[in-house]
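Numbering (my numbering), first residue to last: 60 to 534. Working notes, structure below.
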Ligand SMILES: Cc1cc2nc3c(=O)[nH]c(=O)nc-3n(C[C@H](O)[C@H](O)[C@H](O)COP(=O)(O)OP(=O)(O)OC[C@H]3O[C@@H](n4cnc5c(N)ncnc54)[C@H](O)[C@@H]3O)c2cc1C
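Here it is as structure tokens:
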């Protein structure tokens, strides 16, 4: 168990400690009329990297995110940082000119928060060093998942990360980080040992469980509202070969598969991971399960899942691959082309027959409408529960599963959003919240942070007294 929180009195003291770093900055509100016109030439002179204004040729590609639906967004400028000092200069400039800030790493925010219209974008992709030392890796905040996995693979090590190769490690960590190693090693943010941060109130900080623990707490799952990460150091684990088994089941077994999966998953060895997908495809419902185990254990895990589900798969594929090949296989390649996804999430405490039935009904209704859409269920047990619910800002550590509703490349994004909003409504009280990395429009912040919201708000107020940072979730 990891914990840096020893109760309310200690907690207030930690936040006060963080606050002393920021009091030097005058508290102003971004975007207030009367702020001076920015002297961009002055900022440009102070940067080692580039400053791109809307009049610059490279501006359009510089502000481009993973999802083309945000191509029309118009930040006031983009700072392509070449060093942490560029971010310090840009933050001071934003404070002086009351400009909101949007930090960008991998650019995969589901709401396009990292290129917010009207904000000064702080692009950290130029910070991309990776240093492996024994069982630690230190990465610049601009490093994407696949790059760090490939570098670690050379020394037989790995990190618990998500599936998409081009997602930024910084953004992933800030929201938590769910993936194939979560049951064995916890979330990405659970592997974080320390970080270097540019503070929105001014200056920089090195933070860990023992240095500025209030800041460290907020960075682990609390999103980008506490500061601008420039470097992250993680604990690594051994990379191993694995079995990947993919099963598909008949539509009428979907609810049984879900409840069976939910009963089986907590009984499985932590080295075993599995998720379920139920999709509306061409007017029908498809149900599939992926199981990932250490090499040689896939057959036994598959037998246990099918027994728990009391269902016979229509098809089974089974492969054994090296560690990096497994990551590529799950991701569908070593890179991901830009694409539009309308997505949203729920977190369920329990996945009993009633909840499983409701999930299948939501997808079945979608299939009857003829429109596509699917839900992915990831487990929240195993090592995720080794860390106390209030020990980091990520609050979902006593819950059965995260659900992600997705419509890929929808003909009508509005219709896709309406389906997902309807899914939240249909789940009702069975859903206790949502996962911050699967942020969606119109969902209040307390849905993402549960019982940790008050502490996170206090931390953000202390650390960002001018409320410069825009993250897609308004605290
Ligand atoms: C195709 C796809 C697959 C995904 N798969 C998974 C998965 O398997 N598991 C999972 O957990 N999540 C997954 N996600 C969600 C992903 O973790 C979040 O979208 C995450 O925020 C993306 O981080 P980024 O750096 O790529 O995005 P960005 O858009 O660059 O950043 C997102 C937010 O993070 C903050 N941020 C980024 N960099 C910094 C920084 N240096 N300092 C401070 N704040 C910063 C900012 O608030 C920013 O708005 C997936 C997303 C997509 C689109």
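Don't be surprised by glycine CBs; every beta carbon is placed ideally from N, CA and C.
Exposed is the label assigned to residue 117, since fewer than 16 other Cβ atoms lie within 10 Å of its Cβ.
Residue side-chain check: residue 172 places its Cβ nearer than 8 Å to a non-hydrogen atom of ligand 1. Using a Cβ-Cβ distance cut-off of 8 Å, the region 318-333 and the region 387-394 are not in contact, since fewer than three pairs of beta carbons, one from each stretch, lie closer than that value. Look at residue 461 here: in three-state DSSP terms it is strand.
The residue from 129, 150 and 123 with its alpha-carbon nearest to that of residue 523 is 150.
Here the alpha carbon of residue 477 sits roughly 24 Å from the alpha carbon of residue 534.
Secondary structure note for residue 272: its alpha helix (DSSP H) is the uninterrupted segment 272-278.
Using a Cβ distance threshold of 9 Å, residue 204 and residue 228 count as a contacting pair. Boundaries of the alpha helix (DSSP H) around residue 365: 357-368. Rounded to whole angstroms, the separation of the alpha carbons of residue 304 and residue 376 is 6 Å. Taking C-beta atoms as the reference points, residue 136 and residue 180 count as a pair closer than 9 Å. With contacts defined as CB atoms closer than 9 Å, residue 140 and residue 207 fail to qualify as a contacting pair. At the C-beta level, residue 330 and residue 242 come within 9 Å of one another. Listed in chain order, the non-local C-beta contacts of residue 400 below 8 Å within the same chain comprise 126, 169, 465, 466, 467 and 468, local neighbours out to five positions each way being set aside.
For residue 108, same chain residues with a beta-carbon under 6 Å away, outside a window of 5 residues either side, are 139, 140, 141, 145 and 185 in chain order. Per the Cβ contact rule, the region 357-368 is in contact with the region 290-304 (3 or more Cβ pairs under 8 Å).
Residue pairing by DSSP puts residue 435 in a beta bridge opposite 336 and 463.
Of the other Cβ atoms in all chains shown, fewer than 16 fall within 10 Å of the Cβ of residue 378; this residue is therefore exposed. For the set 173, 409, 435 and 157, the Cα lying nearest the Cα of residue 226 is the one of 173.
Comparing alpha-carbon positions, the option among 318, 112 and 499 lying closest to residue 177 turns out to be 112. Short of 8 Å from the beta carbon of residue 369, and not among the five residues preceding or following it, lie these beta carbons of its own chain, in chain order: 315 and 319. About 5 Å separates the CB atoms of residue 407 and residue 459; that is less than 8 Å, so the two are in contact. Residue 268 is positioned such that its CB atom lies no closer than 9 Å to that of residue 452. Ranking 455, 198 and 435 by CA distance to the CA of residue 444 puts 455 first.
In this structure, the C-beta of residue 183 approaches ligand 1 to less than 8 Å from one of its heavy atoms. Rounded to whole angstroms, residue 153 and residue 382 show a C-alpha spacing of 43 Å. In the three-state DSSP reduction, residue 213 falls in the coil class, being neither helix nor strand. Taken through DSSP and simplified to helix, strand or coil, residue 402 comes out as strand. By alpha-carbon distance to residue 286, the top candidate from 504, 527, 102 and 258 is 258. DSSP places residue 152 in the helix class (H, G or I) of the three-state scheme. Here the region 157-169 makes no contact with the region 502-513; the two share fewer than three CB pairs at distances below 8 Å. Counting along the chain, residue 161 sits inside the beta strand (DSSP E) bounded by residues 160-163.
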